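With positions in the sequence shown counted from 1, the corresponding number in my numbering is that position plus 457.
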Amino acid sequence: MRTYQTSILLGLSFILVSCLEKPQPTLQALEEVPMALAPQLVTVKIKAYRPQSGRIFKHLFVSNFSVKASKGLLTESSARDSLGDTLKKANTEIYGITPSSAYSSNMYFSDLMLFLSGIKLNQQAFLYCPSSRTLSSSNDGLIYGDNRIIPTASTYLGLRDCEKSYLGLDPNKFDFDNDGIPDYLELRCGLNPRNPNDAKLSIAGDGINNLEKCKRNIPIDENANSQPNKLFAYQYVEKRQDNGSTDFTVSNIPILNTGKNNFMAFYLVEIDTTSLQTYLYTAYTVLPAASQNKTFEFNFWGTDPSHYFNQEIVF
458 MRTYQTSILL GLSFILVSCL EKPQPTLQAL EEVPMALAPQ LVTVKIKAYR PQSGRIFKHL
518 FVSNFSVKAS KGLLTESSAR DSLGDTLKKA NTEIYGITPS SAYSSNMYFS DLMLFLSGIK
578 LNQQAFLYCP SSRTLSSSND GLIYGDNRII PTASTYLGLR DCEKSYLGLD PNKFDFDNDG
638 IPDYLELRCG LNPRNPNDAK LSIAGDGINN LEKCKRNIPI DENANSQPNK LFAYQYVEKR
698 QDNGSTDFTV SNIPILNTGK NNFMAFYLVE IDTTSLQTYL YTAYTVLPAA SQNKTFEFNF
758 WGTDPSHYFN QEIVF
């Protein structure tokens, strides 16, 4: 039975990888994209960043996990897992996914992975995750207390070791293809974490590559110059200070519901100048109500090993 289950799972993993490697849908004609209203926005400023000795800065990714831009609209993702509530409701019977949880059908395999893999309810019984592989060896997952649930429940967002194994990734690496984008963010952005070249492509043919669109939180298969995506695209600015540190300002971040319970995730990547090995720092915050038009400032969190990963930023 175990051999049979393994064969099924390997087949499902192959299906996901094959789907991710296929060309993305062609760009929707601009006249078919609805005109968007200006969204509510926030700005975050990360101050006093200094890379570790022997390393240099490579990438910063900031993302409001509660909001997803698609086809000229901003949709809510209550589960904060990159799947909009409407999409989940439409696929509940097929995949068992619901808006209320990132793991609504299987405790250790996320709704995002199940949906992208095409693993339907009648196949999910074959999924198996041993207790030793339920977290992330590469420390790229975010674990937080979701205060929307009473009592507060511990919630995980990321790829567990067993999920990475089924996807053909290395559980000990946060960036399997070494393209600078953490594997979990690649899935959220519609990229293939096994393909080192797709980050450089411009699927929509607008001259903006997929890496930049992933950073700006706009769909990789849509024109970045459309009216809605111009409104929705994050703006990044780096400023070197006289003391040698760097401040990052990320503005034009769309929020919903005045920001209440909007979940902001932060991923910063460094690279060793000698070995070219990459290193990751992660943090998150949950915005309060009435956050619109505000700027939230905080110092870079990764100042010592005890603060490199999964740091909660409290305002």
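Glycine included, each C-beta is placed from N, C-alpha and C at the ideal position. Being a predicted model, the structure only gives us computed values, none of them experimental.
Host alpha helix (DSSP H) of residue i (start-end)
i, result
"residue 697", "It is not in any alpha helix (DSSP H) - residue 697 instead sits in the beta strand (DSSP E) that spans 692-697."
"residue 549", "549-552"
"residue 668", "667-673"
Status (buried if at least 16 other CB within 10 Å, exposed otherwise) for residue i
i, result
"residue 711", "buried"
"residue 741", "buried"
"residue 680", "buried"
"residue 551", "exposed"
"residue 761", "exposed"
"residue 615", "buried"
"residue 690", "buried"
"residue 564", "exposed"
"residue 511", "exposed"
"residue 686", "buried"
"residue 697", "exposed"
"residue 521", "buried"
"residue 519", "buried"
"residue 699", "exposed"
"residue 509", "exposed"
"residue 757", "buried"
"residue 602", "exposed"
"residue 763", "exposed"
"residue 604", "exposed"
Coarse secondary structure for residue i, derived from DSSP in three states
i, result
"residue 716", "helix"
"residue 768", "strand"
"residue 571", "helix"
"residue 704", "strand"
"residue 543", "helix"
"residue 725", "strand"
"residue 587", "coil"
"residue 556", "coil"
"residue 759", "coil"
"residue 689", "helix"
"residue 709", "strand"
"residue 494", "coil"
"residue 582", "helix"
"residue 479", "At residue 479, the pLDDT of 44 sits below 50, so the modelled position is not reliable; the number obtained from the coordinates is stated separately. Residue 479 falls in the coil class under three-state DSSP."
Selection from the options that minimises the alpha carbon distance to residue i
i, options, result
"residue 734", "603, 634, 766 and 716", "634"
"residue 662", "717, 650 and 678", "678"
"residue 645", "619, 580, 501 and 523", "523"
"residue 595", "585, 709 and 766", "766"
"residue 631", "755, 745, 728 and 750", "728"
"residue 716", "509, 494, 513 and 535", "535"
"residue 640", "737, 746, 577 and 504", "737"
"residue 695", "574, 706, 687 and 745", "706"
"residue 771", "750, 732, 726 and 722", "722"
"residue 743", "543, 508 and 537", "537"
"residue 622", "609, 642 and 650", "650"
"residue 619", "686, 598, 612 and 602", "598"
"residue 493", "532, 506 and 613", "532"
"residue 606", "718, 502, 541 and 654", "718"
"residue 427", "626, 763 and 655", "Look at the range of the chain in this structure, 458 to 772, and you will see that residue 427 is not part of it."
"residue 611", "559, 583, 590 and 572", "559"
"residue 713", "750, 693 and 701", "750"
"residue 540", "555, 768, 608 and 516", "555"
"residue 693", "553, 674 and 544", "674"
"residue 582", "629, 753, 553 and 499", "553"
"residue 528", "584, 747, 683 and 748", "683"
"residue 752", "495, 503 and 759", "503"
Beta strand (DSSP E) segment containing residue i, residue limits
i, result
"residue 741", "735-743"
"residue 533", "530-533"
"residue 679", "Element bounds for residue 679: n/a, residue is neither H nor E."
"residue 512", "512-521"
"residue 746", "Careful: residue 746 lies outside any beta strand (DSSP E) and carries neither H nor E."
"residue 497", "497-506"
"residue 527", "524-527"
"residue 752", "752-756"
3-residue-minimum beta strand (DSSP E) runs that sit fully inside the region 590-662, ordered along the chain:
599-603 and 610-614
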